[in-house]
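Taking it in order: structure first as structure tokens, then the write-up.
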Amino acid sequence: MEKKGCFSYETYKEGEDTVLRIDAEECPFFPSIEDNAMCMSLVINKLVEVPGITRVVFSQKRDYEYDYGQVRMLAEIGKLRNQLVKQQALSSISGLSQGPAGARRSYEIRSIIYNKLRNDPVAAYVELRRMHRQGKVELERLNQPDAALSGYAGFLDFLLGSLEKTALVSAAKQHLQEYKEGDRSVYHKIFSPLAKPDFMFTRLMAAFPQDGEEIDSYTVGGSDITIFQVPSTVQPLYHVLPPEFKLSEDKYEVLDRARAIISEHKPTRSEFIDPERVRQVFFNVGSDMIEELSEQRHLKLRNKETEELAEILVRYTIGFGLVEVLLKDERIQDITANSPMGRQPIFIVHQDYDDCMTNIVSTTNDADSWATKLRLMSGRPLDEANPILDTELLIPGARARVAVIGEPLNPNGLAYAFRRHRDKPWTFPLFIKSGMMNPLSAGLLSFLIDGSRTMLVAGTRSAGKTSLLGAVMVEIMRKYRVLTIEDSVSGDSELVIRKNGCYERTSIGEIVNGTIARHGSWYNLTDHEVTGNPENIEVFAMNKEGKIGLSKVSKLIRHRVKKPLYAITTSTGRTIKVTGDHSLFSIGETGQIVEAKVKDLRPGSHIAVPRRIELANKERPEIDMLAKILTLEDSFIFGETVRKFARQYKAVIKKLGNEHDYGKQVIQDWIKKGLLPSRIIKDLLSLGCQLENEELRFKIGRRSFFSLPVRITLDKDFLIFVGLWIADGCYDKTSVIISAVDEEDKAVVHAVGKKFGIPVKRHSDGFSLMLNSKTLKICMRELFELKGDSYTKRLPVWIYQLSKEQVGCVLKGMFSSDGCAAKNGIIIPMASIILLKDLQFLLSAYDIIFRIGKKRKDGTYNAGISSLKSWKNFRDNVGFLQKYKNQKVEILCSKTSTHDTSDIIPLPLETKEDLVDVAPKFSFNDYVTRDNNPGQNKLISMVQTNQLPQELSRNLSILAQSDIFWDEVKEVSLLEHEGLVYDLSVPECESFVCNNIVAHNTLELPVASLKQLGYNIQPMKVASALTKGTTEVSADEGIRATLRMGDSCLIVGEVRSSEAAALYEAMRVGALANVVAGTIHGDSPYGVFDRVVNDLKVPRTSFKATDVIVVANPIRSPDGLHRWRRMTQITEVGKFWENDPLLEKGFRDLMKYESKTDQLEPTVDLLNGESDVLKSIASNVKEWAGSWDAVWDNVLLRTKIKQAIVDAAEKSGQPELLEADFVVQANDYFHRISEGIKNEVGGYDNKRIFFQWNEWLGRAVRRREIEVA
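Residues in the sequence shown are numbered consecutively from 27, following our numbering.
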């Protein structure tokens, strides 16, 4: 760093960038390349002195940064000037200088090159052009050649040509028409620095784009958002100006100082376990600090200003900076920050403008800071051994899923993707704003809901069905009771979870029961309990792209049922027991991953199971056993540290020894020898005594000869030793026994014996080895949890916390002891089925498919690895100890697989027939006639041809790159079942891995949110999935129970199976006297009919009880670049047809999607009043009976009201008016006004209703504005 003063500077590396930072704090003027000739001259000089600079930063209260493109322009000018000077090009001017005129020309050129070219290159270029024109005029006036003048003109040609090749002059030429000497405004069209305050890393282009066209603007929490269309790109520019860029200089100074102080604190992992609490602590501390600093500077701040500064401070200390500003914009769906950081802006996906670039540029400092915080919050590693981190981010006002990719997977550093989740229920006005529906469709649905009609919301996966059903619930009047029906899972289904950074193997029942016992439930109604996730429990789940990763659970639920179960067994030996109406996953007709009802599965079907599961742990060098040793009976701890400890607390030890009835001499021996019973040390620690855990040892029994270190090193030999014991080890009274036939096995046992100082002896059976130490036996059994016999052994949970390489060592020991490489695969027969299932799960960490076969006569199960890819992964990550076994593995890996029939993508026949027509080398004979299926590599090669239809190509690409293995169903059987059942809600993924199978997650209705809004809502859970040995009410019995609960609305999370008949029974008899609604899979009204009648076996006559089908489907742009959720149909179901509603015109479209207008349009039938459903509603209202105009006017009234809410939110800049709390108030007031006017005038005066309601809306908006102010 140069000496302090105006324009002191330093250069440093930041990621891949070399930064020139110029300190202008002492300068009496504003530092700007575009406005200040001195600044431009300084930068050009430094770019010549220090080649390779990619960014230039001027620092004066804020940082003003010029990016690589702008720096390159100046470096090019500096390089040209340097060349002109160094190559002595100016010396040639002397030979052209004859007389006073020549001397003047020479001086002018030298002045331009030496001075003007570096402080105003555009002025230099304009001046040279003027001199060139004058020279030409003088030459034309002469009647004879003039060598000096000609040489002068030629030199000017050379200078002008050189300058015109530079990017700066080239960019400036188009702006020179009105240029005047000394006017630097031209530089504003070329240079535009990114600005950022000193207290943040992120850079922001504060200025609007000069050639941009503003297409939208709004505010989010004090941030000004402007959307521009920029001619140079197809992507709109999302320009954000947050409050931190609008502060006064005094406030900047306060914030900068506060950040410097508060950043000295380094948050720990324990603090980030509860991010909400730590943010509040930092906010309180920051507020006090800002008040103190502002008083020191005699700066008076209001409470609101202090809170604003404290929020900014939190955002840039323990928060995520400007990413938090983006996440608070509910219109943003995705955020990506690509590597290398600092070279390109952050990109977003906007609900209205699709893919946009932003004016925010994140830096490597941002990336490193975010990574550190996410590691602390998630408890997961992110390093070269674990280059992927997937976790949840929760900040005030927003929740997001974050994916991070680092080296070596991403060689350019860290890259981030944030997917924003929505916590509140959707509403009709929100859907209008997003384009999902238009005001008329909202008004029509509102009329149908108040008319107590029955409706099904249909659509494909991820079409927004559940969100739309939630919006329907918001439209129900709060005076009605609302009953919801959803399904669930049984208690003993096993999961591997991550809780507070540590993996656990448990059952879903243990998770839910334990959480409710420790933290209570949100609510408990009729044996239905729901709680949140205070312990940060994460489960493995499958996302929409078929990737398996950890996802945070949002709700935990338990309740009671009774219904039969389907027991599913697959070809790899996985088993699961589920109710027939629950879903697993299979492949749909167009190659997409779809739900598969369990009752529809048959032997030969294929379901999704995890192929790859990433545990992503760092290497664990040792395990500290002290806490567990203190719980062991007759255990003693000793060492030099204990000796000092005993002397320090001699008096306390004597007292504690007496309390435990130890003799005086025994206690004195403890102190003398530095050996204390664990129970005494435990008591001392509970009294606050401090024991340094260095070089401690322990043993079982005071007279035991052998001891072990308290901290046991998890080296390769020990972990293989553990694997050898798990495979074929046991204990006797005082020894650890391991079967070791091969010399390599024996060598490991001897190495561990030597490590612990325990001699190894041969067992009487002639081949087993013994380590005769009671301490080692107790250590392995109680501390390392290595228990059980050959039929009950399991992998202890601590192994799940190890790194991939360490787990491989344990597996190597297991396979080396009990496994072998045979002619057709790698085999490891074992008697413990639960141990084999543990092994199956852990092998998926290496993309190894492990198959568990049937039980043999000797009591063991056939188990092994049978595919080429898995053999190679086994060789590279696990392997055997024995050389001869590894040689056999090499032989297996050398085989050439032409077609792996055990690892295929089971495409439906329709998809394969389509592929024959469009995909090269996709043989009809192989894949259609013989019904073979392609593997992953075959699918990838087909997708890469770019000859497939876009949707099919995308679906096949997902299948080819997924983490899914398509396991064949071998057996399906039916069982009776009763008991408690459990459920998890996993947002976004809608699935979780249970019993090593991907199961569908229960759809999440916004029950809790609506209860907070004052709805009389009663959730009812029924059995559905993954149930094993429980007692509960079936789905159909649950629905019939609602019929006895009085006048209520019924909302069914998803119509799947047996509940369909009961639901249609409720619809037909009109038992609920109110709206009945649910979601169902189907892409059209006829698709719904086909599913309900043919799949769910509901009689055709009963299907007529459906009044309306609302279809929602994704809409794609012709170029395939854009995808939007849209309602595509509102169709009523007629009552006068017999067999096929499509052929007999039983469906009547009320509204249909029109691509030209990108919205639902009313059909002629609707406009003409040809709707039996609407007429039926009208017949129950005296004022509407027989009058279509009155009905249509009321629909239009509701349409105007929905549009008015949207308009008011936009006009007032209050997007919260679109949220459920305000929409419910608006609906309530509409009904009160309507009822009041009806009682007053004897009918519905729609104009008067709207006038009064609109008056209320205006008052409500103004009241909110005053509250905000």
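Positions of the beta carbon are idealized from the N, C-alpha and C atoms, including for glycine.
Values in this document were obtained by computation on a predicted structure and should not be read as measured data.
With a CB to CB cut of under 8 angstroms and the five nearest residues on each side skipped, what residues in its chain are close to residue i?
i	result
Thr886	Pro855, Met856 and Ala857
Arg81	Glu40, Asp43, Thr44, Val45, Leu46, Glu91, Tyr92, Asp93, Tyr94, Val97 and Gly368
Val212	Val148, Ala198, His201, Leu202 and Tyr205
Ile103	Ile70, Leu143, Arg144, Pro147, Thr192 and Leu194
Per DSSP, residue i is paired with what?
i	result
Ser1178	The displayed chain sequence assigns Lys, not Ser, to residue 1178. Lys1178 is bridged to Gln1155 and Glu1187.
Ala441	Ile431
Leu73	Bridge partners of Leu73: none, in fact.
His1026	Ser1017
Asp242	Ile253
His632	Glu994
Gln86	Arg88
Thr44	Lys39
Ile594	Ile602 and Val998
In the DSSP assignment, the alpha helix (DSSP H) including residue i goes from what residue to what residue?
i	result
Ile852	First-last for Ile852: Gly851 to Ile853, but that is the beta strand (DSSP E), not the alpha helix (DSSP H).
Pro934	Counting along the chain, Pro934 falls outside any alpha helix (DSSP H), and DSSP gives it neither H nor E.
Pro465	Pro465 to Asp476
Lys699	Lys690 to Lys699
Lys277	Glu275 to Ile288
His1107	From DSSP, His1107 is part of no alpha helix (DSSP H) but of the beta strand (DSSP E) over Val1102 to His1107.
Pro455	Phe454 to Ser460
Have a look at the options and flag the residue whose alpha-carbon is nearest the alpha-carbon of residue i.
i	options	result
Ala286	Leu339, Lys623, Ser249 and Tyr1041	Leu339
Val246	Pro268, Thr259 and Pro257	Pro268
Met1303	Ala193, Ser365 and Pro371	Since the first residue shown for the chain is 27 and the last is 1295, residue 1303 is missing from the structure and cannot be characterised.
Ala429	Val351, Lys680, Lys581 and Ala443	Ala443
Asp242	Arg1289, Glu1236 and Glu1266	Glu1236
Ala424	Ile358, Tyr379, Arg401 and Asn412	Ile358
Leu1006	Gly535, Arg88 and Lys191	Gly535
Arg544	Pro560, Ser533 and Tyr529	Pro560
Lys399	Ile421, Thr384 and Asp380	Ile421
Leu273	Leu327, Val260, Arg1285 and Asn1165	Leu327
Leu745	Glu52, Phe841 and Ile784	Phe841
Asp758	Glu334, Gln716 and Ile804	Ile804
Just reading off the beta strand (DSSP E) that residue i is part of, what are its end residues?
i	result
Phe724	Arg723 to Ile726
Tyr15	Residue 15 lies beyond the range of the chain shown here (27 to 1295); nothing can be said about it.
Arg788	Val786 to Arg788
Met383	Asp380 to Thr384
Tyr887	Tyr887 to Ile891
Tyr757	Gly755 to Tyr757
In chain order, what residues of the same chain have a beta carbon less than 6 angstroms from the beta carbon of residue i, not counting five sequence neighbours either side?
i	result
Val1024	Met568, Phe611, Ala634 and Ser1017
Ser313	Thr332 and Ala336
Asn903	Gly834 and Tyr872
Ile1259	Ile1275, Gln1278 and Trp1279
Ala593	Lys603, Ser999 and Leu1001
Ser765	Asp754 and Ser794
Go through its chain and collect everything with a Cβ distance to residue i's Cβ below 7 angstroms, but skip five positions before and after it.
i	result
Ser467	Met1153, Ile1156, Met1177 and Leu1186
Ser188	Leu106
Ala1230	Asn1280 and Leu1283
Gly665	Gly700, Glu721, Leu722 and Arg723
Arg600	Val635, Asp993, Asn1021, Asn1022 and Ile1023
- request: Report yes or no: do the segment 820 to 838 and the segment 644 to 661 share at least 3 C-beta pairs separated by less than 8 angstroms?
  value: The way I'd put it, the segment 820 to 838 does touch the segment 644 to 661; three or more beta-carbon pairs between them come closer than 8 angstroms.
task: Taking 8 angstroms as the threshold, find out whether the segment 926 to 943 comes into contact with the segment 952 to 965 through three or more Cβ pairs.
output: Output reads yes: the segment 952 to 965 touches the segment 926 to 943.
- prompt: Any contact of the segment 941 to 954 with the segment 963 to 981, i.e. 3+ C-beta pairs under 8 angstroms?
  reply: Verdict: yes, contact present.
query: Counting pairs of beta carbons, one from the segment 347 to 354 and one from the segment 46 to 58, are three or more of them closer than 8 angstroms?
result: Taking 8 angstroms as the limit for Cβ pairs, the verdict is that the segment 46 to 58 does not touch the segment 347 to 354.
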